[in-house]
Amino acid sequence: MALFDKVEKEVRTKKAKYDKELSDCKQQITDTEEELEKSKAELIEAEEQLNIDQYNTVDDKIRKLENAKRIYELKHDKILDTPLIDEAEYKKKRKQLEDNAITKIEAINDKALPLITQIKELAEQTDIIFNETNELLDILFRDLYKSDDMINPSFSYYENARLLFNDIKSSHLTQRLGIKKETIILRTYVYSSR
């Protein structure tokens, strides 16, 4: 756990540093653009006043601001494109994070196994109820109601433990319990009273 905390801290620290550098650079670009707009207005004013000294000063300032903006944009692109870690460090940290996640997930899986067994047992109880109900419906329909219809109404109820178990039956956890797919398929019977 200490290793995970260390890796997490390193990753989050580098990401925070990256985010701050990027944010600062974007702010420099924005500030420069605002200053450029003001300077362009000053240049128009100097031109209207026919003030050569002010015009040259502002024109020089605009050129410097345009150069600064261009450099900040290059810096921004470099921040975006430059990796903060090399491939070896990436692979090492990725393995550490994945190993930690697997350890935690397996601990949770160990807690889930008894629950899956309980759900399986509940699903089997549901199967018995379905099968008994359908058998009785068949007797009711064919023998007592005396219907000659080929289609026998069957009981269905979609809020049951079998459907929940069907959702998890092909997971590796059920395989760890030794549950085979063929033993968990819902059994269906066709009853004929004639």
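Residue numbers (my numbering): 78 to 271. For glycine and all other residues, C-beta sits at the position ideal for the given N, C-alpha and C.
DSSP-derived helix/strand/coil call for residue i
i	result
Glu85	helix
Asp226	coil
Asp248	According to the sequence as given, residue 248 is Ser; it is not Asp. Coil.
Gln126	coil
Leu120	helix
Gly255	coil
Ser100	helix
Glu236	coil
Sequence-distant residues of its chain with Cβ nearer than 7 angstroms to residue i (five each side left out)
i	result
Ile193	Ile245, Leu250, Thr251, Leu254
Leu263	Below a pLDDT of 50, predicted positions are generally treated as unreliable, and Leu263, at 45, falls in that range; the measurement from the model is reported next regardless. These residues qualify, in order along the chain: Asp204, Arg239.
Thr210	Phe232
Asn186	Leu250
Tyr132	Leu120, Ala123, Glu124
Thr260	Residue placement at Thr260 is poorly supported in this model, since its pLDDT is 45, which falls under 50; the coordinates still yield a value, given next. Nothing listed; no residue qualifies.
Beta-carbon contacts of residue i that lie in its chain and below 6 angstroms, excluding the five residues immediately before and after
i	result
Asn229	Asp215, Phe218
Lys223	none
Glu257	Sequence inspection shows Lys at residue 257; the Glu mentioned does not correspond to that position. There are no such residues.
Asn177	Phe81
Supposed close pair residue i, residue j - CB separation, criterion 8 angstroms
i	j	result
Asn119	Leu142	A small fix is needed here, since residue 119 is Glu in this sequence, not Asn. With a Cβ gap of about 11 angstroms, Glu119 and Leu142 do not count as contacting.
Leu241	Ile206	That belief does not hold up - the Cβ atoms of Leu241 and Ile206 are roughly 15 angstroms apart, past 8 angstroms.
Leu161	Tyr95	6 angstroms
Val135	Ala123	5 angstroms
Ile139	Ser116	5 angstroms
Ile182	Glu150	Not really, about 44 angstroms apart at Cβ, beyond 8 angstroms.
Leu99	Ile156	5 angstroms
Cys102	Lys169	With a Cβ gap of about 29 angstroms, Cys102 and Lys169 do not count as contacting.
Sequence-distant residues of the same chain with beta carbon closer than 8 angstroms to residue i, five excluded per side
i	result
Asp283	Nothing can be reported for residue 283, as the shown portion of the chain is limited to 78 through 271.
Lys91	Leu161, Ile162
Gln202	Ala238
Glu110	Lys146
Leu190	Leu250, Arg253, Leu254
Closer than 6 angstroms: residue i CB and nearest the ligand COA heavy atom
i	result
Asn186	The model on display carries no ligand, and the ligand COA is accordingly not part of it.
At what residue ranges does the segment 138-169 contain a whole run of the alpha helix (DSSP H), taking only runs of 4 or more?
-> none
Sufficient close CB pairs (3 or more, under 8 angstroms) joining the segment 159-178 to the segment 78-85 | yes
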